[in-house]
Amino acid sequence: MSGRRRLSRDAVLRAALTVIDEAGLEACTMRAVAAELGVEAMSLYWHVPGKDALLDGVVGMVLNEVAAEEPPDIADWRAGMAGFATTFRAVVLRHPNVVPLIAGRPLGAYAAASTMADRGIARLEAAGFDRATALRAARSVARYVVGFTLSEADRQTATPPPPTDSPRLDELLAQVAGDDPGELFAFGLELMLDGLEARLRRA
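Here the working numbering is used: position 59 in the sequence shown is 58, and no number is missing along the way.
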């Protein structure tokens, strides 16, 4: 059976995601994806026109996981944003090598997540945010997740350095070396949502 007949776009994208998960973003070449599938590289072009389309497809596949796992649609804007952010973080941490790809292809990411984005923006508008603020709020929360997980994915175990002459700095460094990323993520997200809520009240 030829590669063209037994392949599909979904299979190609899943193979690309496997390569990225196991070997890193730089290892994701058309040749490597073809090898993962056991076919010739040229057979992939029946399903993706090139490397850029392949990478955009991987971003879309990961964001589809977020959409599938996001809590059911709820009316409360704050709970909705928190649910989205928490789910987004959990999914991208399963695919940490994809985080730089999402960060580097924001237009493709928003396009791939169009249904989620539209739903989130509509929820914010229904709560009373004007369109411009709703758009910025949605983007800010998404960027917070990407930025936080980008750092979290590269985080290495560390021990605090020797004491300095600043107790405050010593305490800060100790927290950096031993903090719980989940708790820090929740703290930062709560600050963002508190700020949005305060802005809504002023409006």
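Note that beta-carbon positions come from the ideal geometry of N, C-alpha and C, so glycine has one too.
message: If the criterion is Cβ atoms closer than 7 angstroms, does the pair Ala152 and Pro95 meet it?
response: Here residue 152 corresponds to residue number 153 of the sequence shown, with the count starting at 1. Here residue 95 corresponds to residue number 96 of the sequence shown, with the count starting at 1. Yes, Cβ-Cβ distance for Ala152 and Pro95 is below 7 angstroms.
task: May I have the straight-line CA-CA distance separating Leu100 from Val58, to the nearest angstrom?
output: Your numbering for residue 100 matches position 101 in the sequence shown. Your numbering for residue 58 matches position 59 in the sequence shown. Roughly 7 angstroms between the two C-alpha positions.
Euclidean distance between Cα positions of Ala133 and Leu54: Here residue 133 refers to the residue found at position 134 when the sequence shown is read from its first residue. Here residue 54 refers to the residue found at position 55 when the sequence shown is read from its first residue. Their Cα atoms are separated by approximately 28 angstroms.
task: Rank Arg104, Arg77, Ala67 by C-alpha distance to the C-alpha of Glu189 and give the top, closest one.
output: The residue labelled residue 189 in the question sits at position 190 within the sequence shown. For Glu189, the closest of Arg104, Arg77, Ala67 by C-alpha to C-alpha distance is Arg77.
Collapsed DSSP secondary structure at Thr17 in the structure displayed: Numbered from 1 along the sequence shown, position 18 holds the residue referred to as residue 17. Thr17: helix per DSSP, three-state reduction.
- prompt: In terms of residue numbering, what span does the alpha helix (DSSP H) encompassing Glu35 cover?
  reply: Position 36 of the sequence shown, counted from the first residue, corresponds to residue 35. Segment 29 to 36, the alpha helix (DSSP H) holding Glu35.
field: Assigned exposure category for Gly107 - 16 Cβ within 10 Å defines buried
entry: Translated into positions along the sequence shown, residue 107 becomes position 108. Label assigned to Gly107: buried.
message: What does the alpha-carbon distance come out to for the pair Pro160 and Met115?
response: Here residue 160 is taken as the residue at index 161 of the sequence shown, counted from 1. Here residue 115 is taken as the residue at index 116 of the sequence shown, counted from 1. For Pro160 and Met115, the distance between alpha carbons rounds to 43 angstroms.
message: Pairs of beta-carbons, one from the segment 117 to 126 and one from the segment 76 to 91, closer than 8 angstroms: are there three or more?
response: Counting Cβ pairs under 8 angstroms, three or more are found: they touch.
task: Would you tell me roughly how many angstroms separate the C-alpha atoms of Met80 and Ala202, rounded to the nearest one?
output: Here residue 80 refers to the residue found at position 81 when the sequence shown is read from its first residue. Here residue 202 refers to the residue found at position 203 when the sequence shown is read from its first residue. Their backbone Cα atoms lie some 19 angstroms apart in a straight line.
- prompt: Taking the alpha-carbon positions, what's the Met60 to Leu12 distance?
  reply: Numbered from 1 along the sequence shown, position 61 holds the residue referred to as residue 60. Numbered from 1 along the sequence shown, position 13 holds the residue referred to as residue 12. Spanning the two alpha carbons is a distance of roughly 8 angstroms.
field: Classification of Ala15 by the beta-carbon crowding that lies within 10 angstroms, buried from 16 upward
entry: Locating residue 15 in the sequence shown gives position 16, counting from the first residue. Label assigned to Ala15: buried.
message: Assuming contact is defined by CB atoms lying nearer than 7 angstroms, are Ala111 and Leu62 in contact in what I supplied?
response: Along the sequence shown, one-based indexing puts residue 111 at 112. Along the sequence shown, one-based indexing puts residue 62 at 63. Cβ distance < 7 angstroms, so Ala111 and Leu62 count as in contact.
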